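Student: So the protein lines, in turn, are chains A and B. One point on numbering: in our numbering, the residue at position 59 of the first sequence is 149, and numbering is uninterrupted. One point on numbering: in our numbering, the residue at position 186 of the second sequence is 276, and numbering is uninterrupted. Where a beta carbon is used, it is the ideal one built from N, C-alpha and C, also for glycine. What you are looking at is a predicted structure, and each value in this text was computed from that prediction instead of being measured. Structure in structure tokens, see below.
There are 2 protein chains.
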Amino acid sequence: MAENGTQRGRQRLADRVRLELEREIVVGDLAPGVRLDEVGLAERYAVSRTPVREALMQLAASGLVEMRPRQGALVAAIGTFQLAEMFEVMSELEALCARLAARRMTPRERDGLAALHAACAPYLDGADADGYYDMNLRFHEAIYAGSHNVFLEQETRKIRRRVSPYRRIQLHRPGRLADSHAEHGQVVAAIRAGDQERAAQLLRDHVAVQSGTFVDFLSSVGRLPGHESDAPQRPAARAATQRRAATQG
Amino acid sequence: MAENGTQRGRQRLADRVRLELEREIVVGDLAPGVRLDEVGLAERYAVSRTPVREALMQLAASGLVEMRPRQGALVAAIGTFQLAEMFEVMSELEALCARLAARRMTPRERDGLAALHAACAPYLDGADADGYYDMNLRFHEAIYAGSHNVFLEQETRKIRRRVSPYRRIQLHRPGRLADSHAEHGQVVAAIRAGDQERAAQLLRDHVAVQSGTFVDFLSSVGRLPGHESDAPQRPAARAATQRRAATQG
DNA sequence: CGGCGCAATCTTGTATACAAACGGGCGAGG
DNA sequence: CCTCGCCCGTTTGTATACAAGATTGCGCCG
Chain A
91 MAENGTQRGR
101 QRLADRVRLE
111 LEREIVVGDL
121 APGVRLDEVG
131 LAERYAVSRT
141 PVREALMQLA
151 ASGLVEMRPR
161 QGALVAAIGT
171 FQLAEMFEVM
181 SELEALCARL
191 AARRMTPRER
201 DGLAALHAAC
211 APYLDGADAD
221 GYYDMNLRFH
231 EAIYAGSHNV
241 FLEQETRKIR
251 RRVSPYRRIQ
261 LHRPGRLADS
271 HAEHGQVVAA
281 IRAGDQERAA
291 QLLRDHVAVQ
301 SGTFVDFLSS
311 VGRLPGHESD
321 APQRPAARAA
331 TQRRAATQG
Chain B
91 MAENGTQRGR
101 QRLADRVRLE
111 LEREIVVGDL
121 APGVRLDEVG
131 LAERYAVSRT
141 PVREALMQLA
151 ASGLVEMRPR
161 QGALVAAIGT
171 FQLAEMFEVM
181 SELEALCARL
191 AARRMTPRER
201 DGLAALHAAC
211 APYLDGADAD
221 GYYDMNLRFH
231 EAIYAGSHNV
241 FLEQETRKIR
251 RRVSPYRRIQ
261 LHRPGRLADS
271 HAEHGQVVAA
281 IRAGDQERAA
291 QLLRDHVAVQ
301 SGTFVDFLSS
311 VGRLPGHESD
321 APQRPAARAA
331 TQRRAATQG
């Protein structure tokens, strides 16, 4: 409707490039801080620079890519401080989603949410964090959709996508998966019961806790991307950058 | 930091075009639904199509412009339904800003906010809605900044910009200015007192009321932009479109 | 007389060519 | 030996040329 900008068109090269780049960034194939050379990407996708530029700008607008005036584009490296800010907003938006979902979800949607929650369980045993991550995403998005507010749904999803490169790792903490699942269970119960305030509070805490564990993780490792997206790797020669990007993709 | 995409660069043509277009849209010189022809804008700003395209895409990403796949760009015409959705989100984000501002604002910031509130008063007598509108904006933005969450500040501002083409008119309702000012006063008091919940609730209601009055206004006039941004005026010939755009600018 | 299909024209999407600016490396001077 | 400044290569920003899709108007057929 809005934030996606030009999304409905199905065969534009710029969109194809954008979707592919977005996927690689969100999945983690392109790490934060990596330089995105226009001609390199153009060669890689066998298109000209024009669609690549368009894609980069769209991604910059969505926050996944940072474009410096005449210095090119990098995969956005979000500092710990900004990340905390984003979690603060995201927890509030998700809480709003939960509140509205508790109020507006149809019985069918409530059942679907419970089903999604149940579908997360199998991944706990195998400690399949990646598998759980995907189901977890679907669970949260079901709540977004349950708000019956498409704009809210999209905004929340946008922020989630934006922090997703940094969230994946945190679920690998021992015991976090089980805790997360248990918290989901409480949220489902509150939503099914139509308890708006409880649903909101539970999901807010759920997200905020993840934020907390994330910050813990960061400080334990010793500050990953830096406070101000500095030290973004020196590109040295263009060929090297290009090869690295290709390897990572 | 992120959503602005390429904002720091000061002398890029694309940015110049983007800022100018954004201003005209927000101010209302370019009405929702108006077609934005690339070559027309290029001639108008004496640049080539490339920067114009970039500007349009940036605006599309920010939601002020709607780009249809191979049909060009229009000034985004937000339907009443989506508008209501956006107000729902915005009231929540502003409430969050107020809550955080009540908690985090420095004494100096609190004084500044009160000063801004006071500065709004003179516009009430003359019924200068436009003047009040500008001061009102600065007042709200001071609260955003007071949250000390730059990301939240920017997101909230982005949404406000996006609905601003539709908000301007509503302040012309008789008595609304005075009510708005009174509500601001309560918000200031709550923030100065550090009463987070009260500040949040007051600002949420303040924004929600505006939403309500807006919907009232729309239904009284009979639904302005349509439910799904349809009927966007036929451009007929290109020359005509161009001339119209130029006239409005 | 009305509806359908074709074709011309305009508009967008993509590619390429050109210009300007940033960064790094080299050399000269202190 | 270090530092400052210039020069060159690389990369982005802009302009223009080309291709393809869409809309509109006209003509033809029912």
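(1) Can you list, in chain order, the stretches of the alpha helix (DSSP H) that have 4 or more residues and sit fully within the stretch 206-288 of chain A?
(2) If I measure Cβ to Cβ from residue 253 of chain A and keep anything under 8 Å in the same chain, skipping five residues before and after, which residues do I get?
(3) Alpha carbon to alpha carbon, what distance is there between residue 250 of chain A and residue 188 of chain A?
(4) Kindly indicate if chain B contains any beta-carbon less than 8 Å away from that of residue 225 of chain A.
(5) The beta strand (DSSP E) that contains residue 158 of chain A, what's its start and end?
(6) Between residue 151 of chain B and chain A, is there a C-beta pair that is closer than 8 Å?
(7) Under the rule that 16 or more other beta-carbon atoms within 10 Å means buried, what is residue 313 of chain A, buried or exposed?
(8) Which residues of the stretch 175-190 of chain A have a Cβ closer than 7 Å to any Cβ of chain B? Give them in chain order.
(9) Looking only at its own chain, which residues have a Cβ that is under 7 Å from the Cβ of residue 199 of chain A, when we skip the five neighbours before and after it?
(10) Should residue 192 of chain B and residue 298 of chain B be called a contact, given that it needs their Cβ atoms to be closer than 8 Å?
(11) If you run the structure through DSSP and keep just helix, strand and coil, what is residue 162 of chain B?
(12) In whole angstroms, what separates the C-alpha of residue 219 of chain A from that of residue 210 of chain A?
(13) So is residue 215 of chain B buried or exposed if we call it buried at 16+ other beta carbons inside 10 Å?
(14) State yes or no: is the beta carbon of residue 159 of chain A nearer than 8 Å to at least one beta carbon in chain B?
(15) Since residue 245 of chain B meets chain A, which of its residues come closer than 7 Å, beta carbon to beta carbon?
(16) Can you name the residues of chain B whose CB is closer than 9 Å to the CB of residue 102 of chain A?
(17) Please name the residue in B:229, B:145, B:256 whose C-alpha comes closest to that of residue 243 of chain B.
(18) Would you kindly work out how many angstroms separate the C-alpha atoms of residue 291 of chain A and residue 277 of chain A, rounded to a whole number?
(19) Closest to residue 183 of chain A by CA distance: which of A:119, A:234, A:115 is it?
(20) Only counting the same chain, and skipping five residues up and downstream in sequence, which positions put a Cβ closer than 6 Å to that of residue 101 of chain A?
(21) Could you spell out the range, first to last residue, of the alpha helix (DSSP H) harbouring residue 127 of chain A?
(22) Between the beta-carbon of residue 217 of chain A and the beta-carbon of residue 267 of chain A, is there less than 8 Å?
(23) Any idea if residue 161 of chain A is buried or exposed, counting beta-carbon neighbours within 10 angstroms, 16 or more meaning buried?
(24) If residue 163 of chain B and residue 282 of chain B are in contact, beta carbons under 8 Å, what's the gap, nearest whole angstrom?
(25) Taking the alpha-carbon positions, what's the residue 285 of chain B to residue 146 of chain A distance?
(26) Quick check on residue 224 of chain A: buried or exposed, where buried means 16 or more other Cβ atoms within 10 Å of its Cβ?
(27) Can you tell which of B:256, B:194, B:137 has the C-alpha that lies nearest to the C-alpha of residue 232 of chain B?
(28) Look at residue 133 of chain B and residue 143 of chain B and say whether their C-beta atoms are less than 8 Å apart.
(29) Report yes if the CB atom of residue 137 of chain B is closer than 8 Å to the CB atom of residue 165 of chain B, and no otherwise.
(30) According to DSSP, is residue 169 of chain B helix, strand or coil?
(31) So what's residue 196 of chain B in DSSP terms, helix, strand or just coil?
(32) For residue 126 of chain A, which of A:294, A:221, A:150, A:103 has the nearest alpha-carbon?
(33) Name the two residues that bound the continuous alpha helix (DSSP H) containing residue 137 of chain B.
(34) My guess is that residue 265 of chain A and residue 207 of chain A are in contact by the Cβ rule of under 8 Å, so how many angstroms apart are they, rounded?
(35) Considering just the uninterrupted stretch of the alpha helix (DSSP H) at residue 104 of chain B, what are its terminal residues?
Tutor: Quick answer:
(1) 212-215, 219-236, 240-257, 266-283
(2) 168, 173, 176, 177, 180
(3) 15 Å
(4) no
(5) 155-158
(6) yes
(7) No answer about residue 313 of chain A holds up, because its pLDDT of 43 lies below 50 and its placement is not dependable.
(8) 175, 176, 178, 179, 182, 186
(9) 236
(10) no
(11) strand
(12) 11 Å
(13) exposed
(14) yes
(15) 179
(16) 159, 160
(17) B:229
(18) 9 Å
(19) A:234
(20) none
(21) Here residue 127 of chain A belongs to no alpha helix (DSSP H), and DSSP marks it neither H nor E.
(22) yes
(23) exposed
(24) About 45 Å separates the two Cβ atoms, so there is no contact after all.
(25) 43 Å
(26) exposed
(27) B:194
(28) no
(29) no
(30) coil
(31) coil
(32) A:150
(33) Element bounds for residue 137 of chain B: n/a, residue is neither H nor E.
(34) Not quite, the Cβ-Cβ distance comes to about 19 Å (not below 8 Å), so this is no contact.
(35) 103-117
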